[in-house]
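S.K.: By the numbering used here, the letter at position 87 of the sequence shown is numbered 85, and the numbering carries on one by one without gaps.
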Amino acid sequence: MTEARRRWPKLDPDSGVEDVTLLILEWLGEQGVGAMIRVDAERMREGRPAWTFAAGGGPLAGGLRADGASVAQCMGRALHRLREAGLDVPF
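1. Taking the CB atoms as reference points, tell me whether Val57 and Gly30 lie closer together than 8 Å.
2. Looking only at its own chain, which residues have a Cβ that is under 7 Å from the Cβ of Ala64, when we skip the five neighbours before and after it?
3. Compute the Euclidean distance between the alpha carbons of Glu16 and Val69, then round it to the nearest angstrom.
4. Using 10 angstroms around the beta-carbon of Val37, count the other beta-carbons present and answer buried if the total reaches 16, otherwise exposed.
5. Rounded to whole angstroms, what is the Cα-Cα separation between Ala53 and Phe89?
6. Can you tell which of Leu23, Ala67, Asp86, Gly55 has its C-alpha closest to the C-alpha of Ala39?
7. Please go through the same chain and pick out, in chain order, the residues whose beta-carbon is closer than 6 Å to the beta-carbon of Gly61, but skip the five residues on each side of it.
8. Give the straight-line distance between the Cα atoms of Ala33 and Val87, rounded to the nearest whole angstrom.
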């Protein structure tokens, strides 16, 4: 895995954040942050935002959560909150 840290892919500006979600999770893990993204089938059936991102530990002072109706919306909100918390996520 140490080699992967040095070879981040060049991103297509037309692709969405969902294309790099796993890379973001891996980067967070390398920073000592535990993170996950999940989908809740019950909330999806009810028409509520079904996607949840959660992170904590490492340089984060407290837990962080973001919800969205899609992966892109959820991760967009998560990236915004991570940056507000002081993490310079390279995506």
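Just so it is clear, CB atoms sit at the ideal spot from N, CA and C, and this is done for glycine as well.
As the structure is a computational prediction, the values presented were derived from the model and not from experiment.
M.R.: Checking against the coordinates, here is how it stands:
1. The amino acid occupying residue 57 in the given sequence is Pro; Val does not appear at that position. Yes.
2. The residues are Phe51, Cys72, Arg75, Ala76, Arg79.
3. Approximately 6 Å between the Cα atoms of the pair.
4. Classification of Val37: exposed, given that the 10 Å Cβ count is below 16.
5. Rounded to the nearest angstrom, the two C-alpha atoms are 17 Å apart.
6. Here the closest residue by C-alpha is Ala67.
7. By the criterion of a C-beta distance shorter than 6 Å, Gly61 is surrounded in its chain by Gly54, once the five residues flanking it on both sides are discounted.
8. The straight-line gap from Cα to Cα measures roughly 13 Å.
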